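S.K.: For the sequence shown, the working numbering begins at 1094 and goes up steadily by one.
Handing you this structure, nothing more for now.
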Amino acid sequence: MKREEDWDKLTCDDIIKIIRNAGIVGLGGVSIPAHVKLSRGKGSGIDTLIINGCESEPYLTADDMLMKTYPFEVVTGIRIILKALGISRALIGIEDNKMAAAKKLTDAITETAPPEHISIVMLKTKYPQGAEKNIIYSLTGRKVPSKGAPADIHAAIFNIGTVHAVREAVVTGKPLFERYVTVSGSLIRNPGNYKIRIGTRISSVIEECGGLTGKPARIISGGPMSGYEIHDTDMPVTKETTGIIFLSRDQVYEGPFHPCIRCGSCVNVCPAGLMPCELGNGIEKMNSGSFDYMERLGIHDCILCGACSYVCPAKRPMSQYIKLALELPAL
Ligand code: SF4
Ligand code: SF4
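This is how it looks when you write it as C-alpha cells:
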C-alpha cells in the first residue's frame, strides 16, 4: 500500500488473503492462524470484535509497550480486522494498571475519528483477566459454551500483538518473520521488550540482552503462570513466544509435591469453576477408561492458567497434569 489509509480500498477477501499469505497467527501464545478466525467469522453472525489488551501474566509487558508506542497503528489494525469481519463494533479490554496505554489509545481513537465504534473498557487488574473466555465475559456478559468458541456467542477475539502484526501485513506488506518478546526475570542483565526474529536461538537472545548474572534455576517460555520450562537454550523463538523469563533459585520451588490435603484453595481460585484437585488426583491415577470421568469434570474447560498449582500448599502440579492429559487424548 502506498498510503496508510489505502487499506480501506481492499475488500474483505483481499484483507484475509494478505493476512494468510503473511503468516499472521495469534501472538498471545496460542498461534491460531488469523485468517482462519477471520474466514470463519465473516458472515457468521459475529457482531463484536474483542481486543485483548490485558496481558495479565506477571512479567509480560510487550502488548503494553505496543499500545503506548504504536497506538495509531493498533487502531488501524483494529479497523482492518473489523472490515475483514464485516462488522463495526470493537471493545478493547485493558486492565486498570495500564492507564498510560489506555490514554494513548483513547487519544489515537479520538484523533483518528474512525467511522466504526471502537471503545475502551477498563478492567480490574487480576490474573487471569486476559484469558479468552474471561475477557469476553467481562466485556460482553456472554459465556463461551463448554468446548465452544467465541464465534458461538457472536464474538471474535484478537490480542494487541496480533492486531499490530495485521496492520503491518496489510499496510506495509510485512510478513510475520519477527515478533516482540518480553525478556525478563531477575537474572537477565538487560531486561526489556525486544523485536526478535522467529527462529533465533534463546542463547543468542541471552547474548543480545547482555548475558545472565547467574545460572537460572528455571527458564520459562511465556509467562511464569501458564508458560512452560525450557531445558535447552538452543531452542528457537517461535511465533508463540510471548516471553522468556530467567528465574533464580529463590524464585522457584524445586522440592517434591505431596498428596492433596483437601484444603479447597485450588477450587476457590479456579476461574473456570472446576475442581482442579479432583482433576489432578484423577489424572495421577489415570488409565485407559478414566478420560470420560475427566470430561465429566470439565477438563476441556480448563484454560491452563496455572492458578490452582500456584496456590496449592501441597505444591501439586495440577495444571501440568491437565495439560498432559489434554495433549494425550489416547489415554
Ligand atoms: S489451570 Fe487450574 S485454575 Fe486454571 S482453569 Fe485449569 S483447573 Fe482451573
Ligand atoms: S489446593 Fe492442593 S491440597 Fe488444596 S485441595 Fe487443591 S490440590 Fe488439594
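Glycine included, C-beta positions come from ideal geometry on N, C-alpha and C.
None of these values were measured; they are calculated from a predicted model.
Could you check the C-alpha separation between residue 1102 and residue 1258 for me, to the nearest Å?
M.R.: Between residue 1102 and residue 1258, the alpha-carbon positions lie close to 19 angstroms from each other.
S.K.: Near residue 1125, what residues of its chain come up, given a Cβ to Cβ distance below 8 angstroms and the 5 sequence neighbours on each side ignored?
M.R.: Closer than 8 angstroms at Cβ, skipping near neighbours: 1118 and 1119.
S.K.: Should residue 1175 and residue 1143 be called a contact, given that it needs their Cβ atoms to be closer than 8 angstroms?
M.R.: no
S.K.: State the start and end residues of the unbroken alpha helix (DSSP H) segment that holds residue 1298.
M.R.: 1295 to 1301
S.K.: When burial is assigned at 16 or more other CB atoms within 10 Å of the CB, is residue 1204 buried or exposed?
M.R.: exposed
S.K.: Check whether the Cβ atoms of residue 1298 and residue 1276 sit closer than 8 angstroms, and answer yes or no.
M.R.: Between residue 1298 and residue 1276, the gap from beta carbon to beta carbon is short of 8 angstroms.
S.K.: How many Å lie between residue 1254 and residue 1155 at the Cα?
M.R.: 8 angstroms
S.K.: Kindly give me the distance between the Cβ atoms of residue 1199 and residue 1097, rounded to whole angstroms, as I take these residues to be in contact under 8 angstroms.
M.R.: So it is not a contact: roughly 20 angstroms between Cβ atoms.
S.K.: Hey, would you say the C-beta of residue 1263 is under 7 angstroms away from at least one heavy atom of ligand 2?
M.R.: In this structure, residue 1263 has its beta carbon at no less than 7 angstroms from each heavy atom of ligand 2.
S.K.: Near residue 1247, which residues of its chain fall below 6 angstroms by C-beta distance, leaving aside the five closest residues on each side in sequence?
M.R.: The beta carbon of residue 1247 is closer than 6 angstroms to those of 1138, 1139 and 1140 in its chain, skipping five residues each way along the sequence.
S.K.: Using only the alpha-carbon positions, how far apart do residue 1111 and residue 1270 sit?
M.R.: 15 angstroms
S.K.: Quick check on DSSP: helix, strand or coil for residue 1260?
M.R.: helix
S.K.: To the nearest angstrom, how far is the alpha carbon of residue 1227 from that of residue 1392?
M.R.: The alpha-carbon atoms of residue 1227 and residue 1392 are separated by roughly 17 angstroms.
S.K.: When we look at the beta-carbon of residue 1324 and count the other beta-carbons within 10 Å, is it buried (16 or more) or exposed?
M.R.: Per the 10 Å Cβ criterion, exposed.
S.K.: Given a threshold of 16 other Cβ atoms within 10 Å of its Cβ, counted over all protein chains shown, does residue 1193 qualify as buried or as exposed?
M.R.: exposed
S.K.: Return the chain-ordered list of same chain residues with a C-beta closer than 6 angstroms to the C-beta of residue 1261, the five sequence neighbours on each side being excluded.
M.R.: 1267
S.K.: Quick one: does the C-beta of residue 1345 sit closer than 7 angstroms to a heavy atom of ligand 1?
M.R.: Flag unset: Cβ of residue 1345 not near ligand 1.
S.K.: For the beta strand (DSSP E) that residue 1283 lies in, which residues bound it at each end?
M.R.: Here residue 1283 belongs to no beta strand (DSSP E), and DSSP marks it neither H nor E.
S.K.: Name the two residues that bound the continuous alpha helix (DSSP H) containing residue 1314.
M.R.: Note, residue 1314: premise wrong, no alpha helix (DSSP H); beta strand (DSSP E) at 1311 to 1314.
S.K.: On a Cα-Cα basis, can you pick out the residue from 1221, 1166, 1319 and 1313 that is closest to residue 1413?
M.R.: 1319
S.K.: If you measure from the CB of residue 1412, is any heavy atom of ligand 1 nearer than 7 angstroms?
M.R.: yes
S.K.: Of the residues 1420, 1145, 1210 and 1401, which one's Cα is nearest the Cα of residue 1252?
M.R.: 1145
S.K.: For residue 1252, report the span of its alpha helix (DSSP H) as first-last.
M.R.: No alpha helix (DSSP H) contains residue 1252, which is instead part of the beta strand (DSSP E) from 1248 to 1252.
S.K.: Pick helix, strand or coil for residue 1424, following the three-state DSSP scheme.
M.R.: Confidence in residue 1424 is poor, its pLDDT being 48 and thus under 50, which makes the residue's placement too unreliable to answer from.
S.K.: Where does residue 1270 fall in DSSP's three states?
M.R.: coil
S.K.: Output yes or no for whether 8 angstroms exceeds the beta carbon distance between residue 1312 and residue 1350.
M.R.: no
S.K.: For ligand 1, I want to know if residue 1105 counts as a neighbour, meaning its beta carbon is within less than 7 angstroms of at least one of the ligand's heavy atoms.
M.R.: no
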